[in-house]
Structure formats: C-alpha cells, structure tokens
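Chains as they are written, first to last, in our numbering: chain W, 6 to 363; chain X, 6 to 363.
By construction, the Cβ of each residue, glycine as well, lies at the ideal position given by its N, Cα and C atoms.
Report on one structure; see the data block that follows.
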DNA sequence: CTGAAAGCGCTTACAG
DNA sequence: CTGAAAGCGCTTACAG
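If you want it as structure tokens, here you go:
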C-alpha cells in the first residue's frame, strides 16, 4: 500500500545548489534574503527550490544559527476524559491563553511547541527539560513547578510563568486579581447593600487564589460587611468543589451570607447548582459571583456576574515578554494586566451592563 | 535589572564529558540509555549532568539522528477577537482535537508544534513549509490547503488531514458524518413522525458538509419525508449564518418544515435564536437538531439534540496514524471514526437519553 | 565498556 | 557578488 515514489531521503541545500549551478552559500543567501545576489542567481535558485519542493531543515538551521524560533508551552492536563463533561471550561481557559501566545509568536515567526503534563506524571522535570532543549524559551502555565523548580529551569533557558510569582531568574505575567475582587466586593456591598459576604476559595496553594482571598477580606472589612471564610469555605476551583462547600455548610445547619463570591466561574457553577438543589434562589436568597468570565458564564441561570480576565492578551503579553528576553535579555519581572467587572444577574442586577474597571 | 550571573552560552555535551572525566560518546550513551555503561561511568555522568543542569540540544540531536520528535499542527484562526463572543465554540472544537493529538504524541515522546493561519494571510504555503522543516510530519485541520497544495506538501513530509479527503500521498481521518445524519433523520422521521424536513447547510466547500447534505437527502427520501433544501438553505457553519437562513425564509413568507437539521451546533444555535425572535417555539412548532455536541449544546433552551463526534479520539487517531507513517511508512489512507446520537429536547423528546450509534 | 572521528544540513565569516 | 570551509552540538558506527 505504500507509495512507489520515495522523494524521502530528504533533499538538502546541496541538491538545490547543484541543480541551480551555484554554491550552497548562495542558496542559503537567497533563501534568507541576505546580501545582494544577482537577479540571475536568485532566479535560478528560486526555480530549483520550486522544482524540488525544497524546504530547509529546521534543526540544521537552528543548530547553525542558534535560534530555533520555537517557544515551549507547558500546561496541566486534567486527568481522564472529564473535558467531555462539565470541566471543559478550565480547559478552554488554557486554550485561550495558548491562542494568545500563538498570536504573539506568529508576529515574530515563532511557533509554539506544546506539551501537557498530567497530575500524576512522574518524569515531569525530565519532560520539561526535553521541551527546553527543543525551544528558545519556555512559558509555564499556573501550577507546573515549585518555585525552586522554576528557578532551576530558568537557569537553563528563559522562562515566563503565568499567574504565578516572579523568581530572580524568571518573569511572571498575571492579571490584576486584586482589583477584580475589590470591584466585586464594592458592587455587592455598596451598590446592592449586602451586609454579609462569603468567599469560596480556590486551591489553597494557588497564588491567584491567595491574592483573591486577601483582597476579599480587606475590601469586605473596609466596606464594613460581615465576613464568612475559614476551612469550611475551601474549594478547589472545580464545580464539584464549590457544590461541596455549600452542601457541607447547609448540612452543618449554617446560615449562608447574603452574597457569596467564588474563586472562579467553575466554582460558581457548582455553587449555583448546589443552591438550586436545596431550593435556595439566586440571587433573591443568595447572590453569587464568579471570576474569569468563561464562555458559559453568560448562559447560566441566572447569567453570572463575574470578572473578565484578558486571557488572550495574557498569552500575547507572555510571548512578547519572553521574546524580548530571548533577543535582548533582561526586562521587567512582574507584569500585571487589568481586568474588567462584568455585571449580569447573579448579583441581583437585572440589566446586562458592563462596568469597566482598572 | 538583568541578572548578573549568565549561565547562558549554553553548555554542551563537552562540558559534561569534561566534568565527568569521560568522552562525549559515553555521555551521549548514558543520556540515551544505550549500551551497558559501567555503573561508575553512569553515575559520574549523571552527577555532572545534574550539577550543570544540562539538557541536550534538541536541534543538534534531531540533525544527528534524523528525528525531531515533533509533529506540526496547522489550523485556521478566526479573524479578530470573535472568540470572546459567540464563536468561541468552533474554536473549542479545534482545541479539543489538538488535545487529542497531544495525548497521542505524548505516548511516543513527541511534542506538538502549533501554527495557526489567518483567513487572509498571504504567505500560507511558505509558513506551512517552515513548519514542515521543523517537524517530522504534519497534521492539517479542515480547509487549510487545496487538494493539490496538500499533495505537494505530502511530497516533502508525511501529511495527515482532518475531515478532508485522502490524496495519493496523504492520509485523512474523519468522523462518520453519514451515519450521524442518518441517525438524526431516522429519529426525526420515524420516532417523531415528522413528515417535512429541512437542512441548513454549512460552508458549501466543506467535505463534511457535502457528505452531511447528501446523507440527509438520501435518508430523508428513504423515509418518505418532504425535503427542503436549495440556495435559500445555505449557511456557513456560523450562528449568524443559521439565523440568516431562518430570517430570509420567514421574510420571504415561506412555511418552515416540521423539523430542521443544522449542519453543526453553531448553526443550530443561530437558528434557535432566530426562531425565538419570531415567536416560533422549539420543538413545539419546529424541531431542531445540531451536529458536533459542543459543550454549550446541553445548556441551550431547549437542550440540543445532536450528534457527538469523538473529537479527542479524532486527534489521537490522527497522531497515531501519522506516527506509524513516519516510522514505518505506508498504512491505511482513509480512516473513519464512529459517531453517537445524543437525544436531548430540541427534537421534541423530553428525556435525556443517549442513543448509541455505529 | 569506551573513545576518536565522521557526519547530520545548515549559516556565516573570510577570501577572492 | 560568490565560493570554500569551518563550525553549530549531537549520535553512531568503528576500533580497541
């Protein structure tokens, strides 16, 4: 069944040179637009290239000029096939960022080398190392490596982390979580006048989550609202985690606060679901907000009030910063992007107004 | 601001060899697990590698052994920032497939080199050529290149296309569109007894769409139903396209058939929306079905009856087939994956039953 | 088991 | 403007 012709055994720049009757140096030059080749030379080379369907080998090129024009991107793969069910959103989140990275890369002729890591893969460091060897720099999504792991990696290759913290050798790009939460709290406490507020947190080891929780506590205190937090409010960024918090609270006979901020939309989804199961109305009995503005947020019942992060821009910025670092070295270490309050109905509003935020 | 230490000027296998007091050949062997190095030798090499944080250069490696362990993936990027609004689904669709490819790649130690192409990028062939030079093989999403373009490309590097058609030199992997549509028509015509059926088509140049339309016509005819098709029913896979078909039909005073199959979920979304605008109820007045089973399909009102394509598996299969082709050559040219009928409520059913299909 | 050396396919000073 | 040649960092027969 295999094709008879075998234009395999790849042709090289030597084949092109021979056919065009010039040296390989000339072929290389016209292919790269260097120097000022005679029109005659250029034409013969181009024709030979076309006739042969020649494409220069990227590995040889990279080895020779020290630039692969590739950036590695590493992200967490959810276990199993959950993406087919409810968890497909966090997933989308990563992909939107990756698209942003790709957009930036495109502008500079770079491509993305993508590699996911499972929660219980054992050879993670090794895998990322292999990726590093194939790239000019690395972009690491949230929660891929410990701080020391990142530092070690950053010793070998330029590294940009997403939604983490900068290390002496790596750059971090993140969204302004703090402002986002503050806008949410002010809207709930001031615009709606809710006097008791809860926060269902995300994974406890997430920098984003820590920042959000701190901002929640300080802003809620500033607004003079009653605050509900603590171990019982510990979620994990998943819908199941959010639902679980509500169920436990209710089972323990607790009275819920008037409004509950969730660490992310996914959590809010679970919370709203759990509330519905118990016959508690959103937003009449309890107002709910999310964080992220994932695509289904607008389709929920009620439509979810949340904070939109510029995910695409986050990715594009990450690439830009990495690129600058690769070509120039140095640069800023901690980059923060603004977010936007998106007011829908789960907070108790009825319109579809979007409030801009810094 | 730039870090003082510069462990740049990459270390090479020579540095490791010197430190370990062995030859570069030995370093290479222990790193690759070849031969039977003395425990002593291996330990010294490993220690040097660790102390130096050495990672072999992928380009040099690829050049030397002729394997990059990279597959290129090319897909269409929507113009602008529409992914933030309604069109984020088709988008997700591509990403799910890419995740599937990545899963397959992972198993064989390959990484994905990703590159998107915009609708009005001019140097497409060139860009894909560059990608080919960096990879061992290419996977092309739907609608990237003409048949001759694909054939030409397949001359230089192993190529697998998705949802297209095989060429003499390239492999194609697709879902069983035909069975999917037939299951839908039978459900509508036989189970529900609808006697008039319409089909809002996708882009006219899409192989998937052609197959679906043909299957629709033949199965609807077999069921003895009245068929509505033609230019007025031409959509383009987008929600706007679907809405437009309905509006035009209604504006022209046409009577809609009892059930309308849509080329994909995105189209169905637009159709349902347009129907709602005109006060036409789904499924009471007109039953609607989609194709794809995108994540929001279950969240629509009413929940969408559709056909689920194994997108993740499609990607994984594409990689597997490409991999086999890279390492062994040859192999099957046209691969078809089964789909599944997902019955929800937009067809007129009330349950949540899922019917399996071959 | 281990080392010296050739070779992978390019790019880029260096001469001419 | 163009060619001969060195070198990029590995892998892999080939000797020993």
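- For the ligand PLP, is there a heavy atom less than 7 angstroms away from the beta-carbon of residue 244 of chain X? Questions concerning the ligand PLP fall outside what the structure shown contains, since it holds no ligand whatsoever.
- Which residues in the same chain as residue 129 of chain W place their Cβ atom closer than 7 angstroms to its Cβ, once the five residues preceding and following it in sequence are excluded? Cβ-Cβ distances below 7 angstroms link residue 129 of chain W to 122 in the same chain, with the five nearest sequence neighbours on each side left out; the list follows chain order.
- Would you decide whether residue 377 of chain X is buried or exposed? Buried here means 16 or more other CB atoms lie within 10 Å of its CB. What is shown of chain X runs 6 to 363, which leaves residue 377 of chain X out entirely.
- C-alpha distance - residue 163 of chain W paired with residue 336 of chain W, whole-angstrom precision: 11 angstroms
- Limits of the unbroken beta strand (DSSP E) element including residue 345 of chain W: That run of the beta strand (DSSP E) goes 345-347.
- Query: Taking the Cβ atom as the reference point for each residue, do residue 225 of chain W and residue 194 of chain W lie within a distance shorter than 8 angstroms?
  - Reply: yes
- If you compare alpha carbons, which of X:189, X:296, X:180, X:305 is closest to residue 167 of chain X? If we check each option's Cα against that of residue 167 of chain X, X:180 comes out closest.
- Message: Could you compute how far the alpha carbon of residue 289 of chain W sits from the alpha carbon of residue 279 of chain W?
- Response: For residue 289 of chain W and residue 279 of chain W, the distance between alpha carbons rounds to 15 angstroms.
- Query: Whose C-alpha, out of W:311, W:153, W:211, W:292, is nearest the C-alpha of residue 202 of chain W?
  - Reply: Ranking the options by Cα distance to residue 202 of chain W, first place goes to W:292.
- Item | C-alpha distance - residue 92 of chain X paired with residue 321 of chain W, whole-angstrom precision | Interpretation of residue 92 of chain X is limited by its pLDDT of 47, a score under 50 that renders its predicted location unreliable; no figure is taken from the coordinates.
- Use the C-beta contact count for residue 287 of chain W: other C-beta atoms within 10 angstroms, 16 or more gives buried, fewer gives exposed. buried
- Taking DSSP as the reference, what is the three-state secondary structure of residue 350 of chain X? coil
- Message: Counting beta carbon pairs with one atom in the segment 101-109 of chain W and one in the segment 22-39 of chain W, are three or more of them shorter than 8 angstroms?
- Response: The segment 22-39 of chain W makes no contact with the segment 101-109 of chain W; the number of CB pairs closer than 8 angstroms stays below 3.
- For residue 169 of chain W, which three-state DSSP category applies? Assignment of residue 169 of chain W by DSSP, reduced to helix, strand and coil, places it in the coil class.
- Item | Any alpha helix (DSSP H) of 4 or more consecutive residues that is wholly inside the segment 192-247 of chain X | 212-227
- Would you verify that the beta carbon of residue 301 of chain W is, or is not, closer than 8 angstroms to some beta carbon of chain X? Closer than 8 angstroms: yes.
- Query: Would you call residue 175 of chain X buried or exposed, if buried means 16 or more other Cβ atoms sit within 10 Å of its Cβ?
  - Reply: buried
- Query: Three-state secondary structure (DSSP) at residue 293 of chain W?
  - Reply: strand
- What does residue 310 of chain X pair with, by DSSP beta-bridge criteria? According to DSSP, which records beta bridges pairwise, residue 310 of chain X is partnered with X:294.
- Determine the direct distance from the alpha carbon of residue 251 of chain X to that of residue 257 of chain X, and round the result to whole angstroms. 10 angstroms
- Check whether residue 27 of chain X and residue 41 of chain X have beta carbons under 8 angstroms apart: no
- Among the residues of its own chain, which have a CB less than 7 angstroms from the CB of residue 183 of chain W, if the five just before and after it don't count? Excluding residues within five positions, the ones whose Cβ falls inside 7 angstroms are 216, 220.
- Query: Around the C-beta of residue 32 of chain X, are 16 or more other C-beta atoms found within 10 angstroms, so that it is buried, or is it exposed?
  - Reply: buried
- Message: Any beta carbon of chain X sitting closer than 8 angstroms to that of residue 304 of chain W?
- Response: yes
- Message: Under 8 angstroms, CB to CB, which of the residues in the segment 117-128 of chain X have a partner in chain W?
- Response: Per Cβ criterion, the list reads 117, 118, 119, 120, 121.
- Exposed or buried, which one is residue 282 of chain X when buried takes at least 16 other CB atoms within 10 Å? Counting Cβ neighbours within 10 Å, residue 282 of chain X comes out exposed, since fewer than 16 surround it.
- Message: For chain W, check one thing: does any of its Cβ atoms lie closer than 8 angstroms to the Cβ of residue 33 of chain X?
- Response: no
- Message: Per the DSSP calculation, residue 177 of chain X is bridged to which residue(s)?
- Response: X:166, X:339
- Compare the Cα-Cα distances from residue 235 of chain W to each of W:205, W:228, W:261 and report the closest residue. W:205
- Query: What are the start and end residues of the alpha helix (DSSP H) that includes residue 21 of chain X?
  - Reply: That run of the alpha helix (DSSP H) goes 18-25.
- Task: Kindly indicate which three-state DSSP category residue 151 of chain W falls into: helix, strand or coil?
- Result: coil
- Query: If we cut at 8 angstroms on Cβ distances, does residue 229 of chain W have a partner in chain X?
  - Reply: no
- With respect to the beta strand (DSSP E) encompassing residue 120 of chain W, which residues constitute its N-terminal and C-terminal limits? 116-123
- Output the boundary residues of the beta strand (DSSP E) element that contains residue 82 of chain X. Residue range 75-82 is occupied by the beta strand (DSSP E) that includes residue 82 of chain X.
- Task: Please state if the CB of residue 144 of chain X and the CB of residue 305 of chain X are separated by a distance shorter than 8 angstroms.
- Result: no
- Query: So, using beta-carbon positions, are residue 142 of chain X and residue 330 of chain X closer together than 8 angstroms?
  - Reply: yes
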